[in-house]
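So that you can map any letter, position 49 of the sequence shown is 479 in this note's numbering, and since no number is skipped, the others follow by simple counting.
Worksheet: one structure, shown below.
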Amino acid sequence: MGARRRLDTELVRRGLAPSRERAQADIAAGRVTVGGAPATKASRMVDASEAVLVHGPPPKFVSRAGAKLEGAVEHFALQDIVAGARVLDAGASTGGFTDCVLQYGASEVVAVDVGHNQLHEKLENDPRVHSIERTNLRTVDPAQLGPVVDLVVGDLSFISLSLVLDTLGAAAAPGAVYVLLVKPQFEAGRTEVSKGKGIIDNPLIWRRVLSEVSAALLERNAAIMGVMVSPITGSDGNVEFILLGRFAGSVDPIAGHSSLDRSSLDATFDLVTGCLEVVALPGGED
431 MGARRRLDTE LVRRGLAPSR ERAQADIAAG RVTVGGAPAT KASRMVDASE AVLVHGPPPK
491 FVSRAGAKLE GAVEHFALQD IVAGARVLDA GASTGGFTDC VLQYGASEVV AVDVGHNQLH
551 EKLENDPRVH SIERTNLRTV DPAQLGPVVD LVVGDLSFIS LSLVLDTLGA AAAPGAVYVL
611 LVKPQFEAGR TEVSKGKGII DNPLIWRRVL SEVSAALLER NAAIMGVMVS PITGSDGNVE
671 FILLGRFAGS VDPIAGHSSL DRSSLDATFD LVTGCLEVVA LPGGED
């Protein structure tokens with residue numbers, strides 16, 4: 431009997447997954463079998479001689495976050511907005527959003543994250559991607575991010591969106607389009623998050639969070655043109671939301687979506703926090 435390893439590690443060693451994060455996502459999705467039987471735990475120990483297989487087509491994006499942004503692109507009909515755009519991916523992490531915009535024809539992506547060594551190898555080696563690591567968007571000089579961008583997409587964790595809006599707006603061309611993921615678990619109060627053990631499932635909190643982030647955008651003269659529920663939950667099961675709009679400088683409609691005034695926003699928030707049709711996909715890297 432050879433050395434025993436964790437299942438996720440063994441998948442990477444055998445070349446069946448490009449990273450442990452992808453291996454964990456495949457296991458959670460029920461795509462992995464050991465000895466012909468489904469394997470459900472990444473921590474399971476397996477022998478080098480055991481038959482380990484990954485079934486079904488590979489995921490479309492390098493992380494499940496790509497499905498969130500794809501949902502917004504399709505829902506808001508943003509295909510022409512993304513195609514050819516220079517994009518800032520705020521909070522790139524593994525690169526799900528970056529992968530998504532590239533697949534929709536973006537010409538260039540500036541992928542920024544406070545961490546390091548997270549971006550998927552496929553994207554690290556793509557000449558269209560400029561990875562900027564160990565960079566806090568709350569404090570960075572926007573000039574360090576290069577020429578202004580046409581489109582900002584954002585999937586930030588452990589920080590409120592409101593704290594980085596000044597940087598995002600400064601990094602964008604006047605009137606540039608934004609598509610931002612709002613994560614209630616990182617916007618709500620610490621007591622609210624602790625009470626739910628990291629899960630925010632109160633529609634009133636969702637509504638308040640959307641109102642607060644939107645108010646921060648409006649204070650910066652940004653226009654809000656669309657609100658939707660993310661088509662999938664976060665990896666921890668949290669319901670998340672997506673805001674579409676333009677930074678200060680233009681209120682031109684985006685693919686037929688016009689600027690929403692405060693009363694329209696209130697009605698939209700009531701609708702999206704009360705009519706949730708999200709899919710709880712298996713866990714894994716966001």
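A virtual CB, placed ideally from N, CA and C, is assigned to each residue, including glycine.
Remember, it's a predicted structure, so these values are computed and weren't measured experimentally.
In or out: residue i buried (at least 16 other Cβ within 10 Å) or exposed?
i: A652; result: buried
i: A710; result: Any reading at A710 must be qualified, since the residue scores a pLDDT of 45, below 50, and its modelled position is unreliable; no value is offered.
i: A695; result: Before going on, a small fix: residue 695 reads as Leu here, not Ala. Counting Cβ neighbours within 10 Å, L695 comes out buried, since at least 16 surround it.
i: N668; result: buried
i: E649; result: exposed
i: R676; result: buried
i: P487; result: exposed
i: D700; result: exposed
i: L634; result: exposed
i: G719; result: Only positions 431 to 716 of the chain appear in the structure, and residue 719 is not among them; the question remains open.
i: P614; result: buried
i: S660; result: buried
When you compare the CB positions of residue i and residue j, do they come within less than 8 Å of one another, or not?
i: L610; j: L508; result: no
i: I562; j: L581; result: no
i: M658; j: V702; result: yes
i: G521; j: D571; result: no
i: H485; j: T463; result: yes
i: L647; j: L595; result: yes
i: S473; j: R444; result: no
i: G525; j: L549; result: yes
i: E451; j: S493; result: yes
i: A602; j: L518; result: yes
i: R568; j: I589; result: yes
i: L690; j: I654; result: yes
i: V540; j: V579; result: yes
i: S523; j: D543; result: yes
Starting from residue i, follow its DSSP beta bridges and name the residues at the other end.
i: I654; result: G675
i: R435; result: V476
i: V681; result: V681 is not bridged to any residue.
i: D519; result: A541, V583
i: I562; result: V542
i: H687; result: I684
Whole-angstrom Cβ separation of residue i and residue j, contact assumed at under 8 Å?
i: E642; j: E617; result: 7 Å
i: A453; j: A447; result: 4 Å
i: W636; j: I629; result: No, W636 and I629 are not in contact; Cβ-Cβ is about 12 Å, not under 8 Å.
i: A513; j: G535; result: 4 Å
i: D456; j: G496; result: Between G496 and D456 the Cβ distance is about 15 Å, and since that is not below 8 Å, they are no contact.
i: S680; j: P604; result: 7 Å
i: A515; j: S479; result: About 49 Å; that fails the 8 Å criterion.
i: A685; j: F506; result: 6 Å
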